[in-house]
Every structure is written in structure tokens, then in C-alpha cells.
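Asks: Its first residue numbered 1, the sequence shown is counted upward by one per residue in the UniProt record's numbering. Using N, Cα and C, we set each Cβ at its ideal position, and we do this for glycine too.
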Amino acid sequence: GGSERLNTSSPFNIKAESLTLSNFSFTDVQNLYEQHTTATGQVFTPEAVQQAYYLTDGQPWLVNALARQATQVLVQDVNEPITAEVINQAKEI
Numbered sequence: 001g002g003s004e005r006l007n008t009s010s011p012f013n014i015k016a017e018s019l020t021l022s023n024f025s026f027t028d029v030q031n032l033y034e035q036h037t038t039a040t041g042q043v044f045t046p047e048a049v050q051q052a053y054y055l056t057d058g059q060p061w062l063v064n065a066l067a068r069q070a071t072q073v074l075v076q077d078v079n080e081p082i083t084a085e086v087i088n089q090a091k092e093i
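#1: Which stretch, first to last residue, makes up the alpha helix (DSSP H) that contains I87?
#2: Assign Q76 to buried or exposed, taking buried as 16 or more other Cβ atoms, counted over all protein chains shown, within 10 Å of its Cβ.
#3: In the structure shown, what three-state DSSP assignment does F44 receive?
#4: Helix, strand or coil for E34 per DSSP?
#5: By Cβ distance, which residues of its chain are closer than 6 Å to P81, with the 5 residues on each side in sequence left out?
#6: Please state whether DSSP places D28 in a helix, a strand or coil.
#7: Mind reading off the beta-carbon distance from P60 to F26? Whole number of angstroms is fine, and I expect it under 8 Å.
#8: With DSSP as the reference, label Q76 as helix, strand or coil.
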């Protein structure tokens, strides 16, 4: 695999630009999850937000991954809230 033209062992081994994204604060996580609530009506309980922040330490990819699993896999019905228990289940997927 890879490209002889780019002298790389993989076509994905390209560095075009590096960005550093700092971890989200608790308020950032809260605001992000509130955007989902505004868009869909599905609520993240305060305990769910706290648990997500605790488990991820605000790491952006993990914060989003937990929410994606919680809302798209575990609780697809927007009338049901996302609870701390759902967040705990999402981390196991």
C-alpha cells in the first residue's frame, strides 16, 4: 500500500495541517448536549451531563462519541431522556 509519489507507506499518512483542540469544560459539554435537546427535544439529565464529563474529562471526541451512542443506538426515542445510566451503557459500546 501507499503511494510512491508521496513517499509514504500509507495514503493516510499525510500531514496537511495540525490543529490542537483543547478539552471541553463542563459548561461546554452542557451547552453541546443542550444543542441536541434544542434540535430534537430529547433531554440529557443533569446527572447524564455530569457523568459524561466525568468519564471523558471533556475530551471532545469522547464527549461526542458517548452522545452519539446514547442517542443513536441506545435511546432513539427522543421522548425518552438520556440518563446517567444510559451514558454508562454508552461507554461500554
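Replies: With the given structure in hand:
#1: 84 to 90
#2: Looking at its Cβ environment, which holds fewer than 16 other Cβ atoms inside 10 Å, Q76 is exposed.
#3: strand
#4: In the structure shown, E34 falls within a helical segment according to DSSP collapsed to helix, strand and coil.
#5: V43, T45
#6: helix
#7: That pair is no contact at about 13 Å.
#8: In the three-state DSSP reduction, Q76 falls in the coil class, being neither helix nor strand.
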